[in-house]
Amino acid sequence: MPVFFIEPGVIKSGMATVRGPLAHHLSKSLRVEPGEELWLAEACERRYRAKILSSDLHGVTAQILFEVLPPSKPSLRITLGLALIKHDHLAWALQKATELGVAEIVPLITRRTVVRPIASRQTQRLRTIVLEAAQQSMRWDVPFVTDPQPFHMWCRKANPEGLRFLLWESPQGTLLRDKLKGDTVRHVVLAAGPEGGFETEEITEAQGEGFEVVSLGPRILRTETSVLTALAVLQYEWGDLGKS
3 MPVFFIEPGV
13 IKSGMATVRG
23 PLAHHLSKSL
33 RVEPGEELWL
43 AEACERRYRA
53 KILSSDLHGV
63 TAQILFEVLP
73 PSKPSLRITL
83 GLALIKHDHL
93 AWALQKATEL
103 GVAEIVPLIT
113 RRTVVRPIAS
123 RQTQRLRTIV
133 LEAAQQSMRW
143 DVPFVTDPQP
153 FHMWCRKANP
163 EGLRFLLWES
173 PQGTLLRDKL
183 KGDTVRHVVL
193 AAGPEGGFET
203 EEITEAQGEG
213 FEVVSLGPRI
223 LRTETSVLTA
233 LAVLQYEWGD
243 LGKS
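Counting from 1, position 67 in the sequence shown corresponds to residue 69 in this note's numbering; the numbering is continuous, with no gaps.
Laid out in structure tokens, this is it:
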């Protein structure tokens, strides 16, 4: 069973009382029963093993069995700037990016974005997708999903302290793997375009702001596939993928 993130104050005197949407999910969707055990987490501070005492639509009560302190922080922090794409593809990409350890996700509005800028309720839905993926993958934290931002504005303020990569579908671009031959990097900003890719003017503008244009090889990949591939490569080389 995945870990479930709870608000501060839920645990008092060795007992956890969960209410609201999470209680409904546990009792109605997962149908947890007295005697079952699960993990509860307060952000990235602590994780608790808890034993269910009672469960109904009004609340779930559990006894705390023991707690686990968080491990050291990940060696690599990744900020993902992802152009708005069709919702089911976007949801899948966010889910996989969360599983692969992204710290922050910025939905981007580019010149070729065909999806309308999402409303606040849709942004909240994206955050729910990320939360559920973080719980399922047993993460210690939940990636922050910002409100959608115009690509050109985001480029100007993207963290200048780490490396900044822009994924380009051209096979003539420098391979991402060739950019990883060197000292370990602590922070990477990764930009991925929409279905039609970035326009030339956007690429030029990003380069002017310090982004390095990189390719993943000879094949043209869907946006969500390119994101998954690039994140896996980054985490394998500089992050914690494949490490205990």
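Every residue gets a Cβ at the ideal spot worked out from N, C-alpha and C, and that includes glycine. Since we're looking at a predicted model, the values are computed, not measured.
Let me check one thing: in DSSP terms, what residues is residue i bridge-paired to?
i       : result
His-189 : Arg-79
Leu-110 : Ala-85 and Gln-151
Phe-61  : One detail in the question is off: residue 61 reads as Gly in this sequence, not Phe. For Gly-61, which the question treats as bridged, DSSP gives the partners Asp-58.
Lys-14  : Met-17
Ser-122 : Answer is none; Ser-122 lacks a bridge partner.
Ala-194 : Leu-84
Phe-200 : For Phe-200, which the question treats as bridged, DSSP gives no partner whatsoever.
Ser-217 : Leu-177
At which residues does the beta strand (DSSP E) containing residue i begin and terminate?
i       : result
Val-116 : Per DSSP, Val-116 belongs to no beta strand (DSSP E) and is neither H nor E.
Met-140 : Element bounds for Met-140: n/a, residue is neither H nor E.
Ser-56  : 48-58
Leu-169 : 165-169
Val-5   : 5-7
Report the three-state DSSP secondary structure of residue i (helix, strand or coil).
i       : result
Gly-210 : helix
Trp-41  : strand
Lys-30  : helix
Val-20  : strand
Ile-205 : helix
Ile-131 : helix
Glu-69  : strand
Leu-177 : strand
Which residue wins for smallest C-alpha separation from residue i, given the options the options?
i       : options                              : result
Glu-9   : Arg-48, Glu-39 and Arg-33            : Arg-48
Ser-15  : Trp-142, Glu-35 and Gln-65           : Gln-65
Glu-236 : Gln-209, Asp-180, Val-144 and Val-62 : Rather than Glu, the amino acid found at residue 236 in this sequence is Leu. The candidate whose alpha carbon is nearest that of Leu-236 is Asp-180.
Leu-96  : His-27, Gly-164, Lys-245 and Leu-233 : Leu-233
Arg-127 : Ala-93, Ile-107, Thr-227 and Trp-156 : Ala-93
Val-5   : Val-191, Glu-44, Thr-19 and Val-190  : Glu-44
Lys-75  : Gly-61, Leu-82 and Asp-143           : Asp-143
Arg-79  : Ile-54, Arg-166 and Ser-122          : Arg-166
Leu-84  : Ile-54, Leu-71 and Trp-156           : Trp-156
Starting from residue i, trace the alpha helix (DSSP H) in both directions and tell me its first and last residue.
i       : result
Leu-230 : 225-240
Query raised in the report: For the 8 angstroms Cβ check, are there 3 or more pairs between the stretch 195-202 and the stretch 137-151?
Result: The stretch 195-202 makes no contact with the stretch 137-151; the number of CB pairs closer than 8 angstroms stays below 3.
Requested in this report: Indicate whether the contact test is met: 3 or more Cβ pairs, each with one atom in the stretch 132-148 and one in the stretch 158-176, closer than 8 angstroms.
Outcome: With fewer than three CB-CB distances shorter than 8 angstroms, the stretch 132-148 does not count as touching the stretch 158-176.
Query raised in the report: Just checking, does the stretch 155-162 make contact with the stretch 27-34 on the three C-beta pairs under 8 angstroms criterion?
Result: No contact exists between the stretch 155-162 and the stretch 27-34.
Query raised in the report: Quick check: the stretch 114-126 against the stretch 80-90, are there 3 or more CB pairs under 8 angstroms?
Result: Yes: the two stretches touch, three or more of their Cβ pairs being nearer than 8 angstroms.
Query raised in the report: Three or more beta-carbon pairs under 8 angstroms between the stretch 101-110 and the stretch 53-67, yes or no?
Result: Using a C-beta cut-off of 8 angstroms, the stretch 101-110 makes no contact with the stretch 53-67, since fewer than three inter-stretch Cβ pairs fall below that distance.
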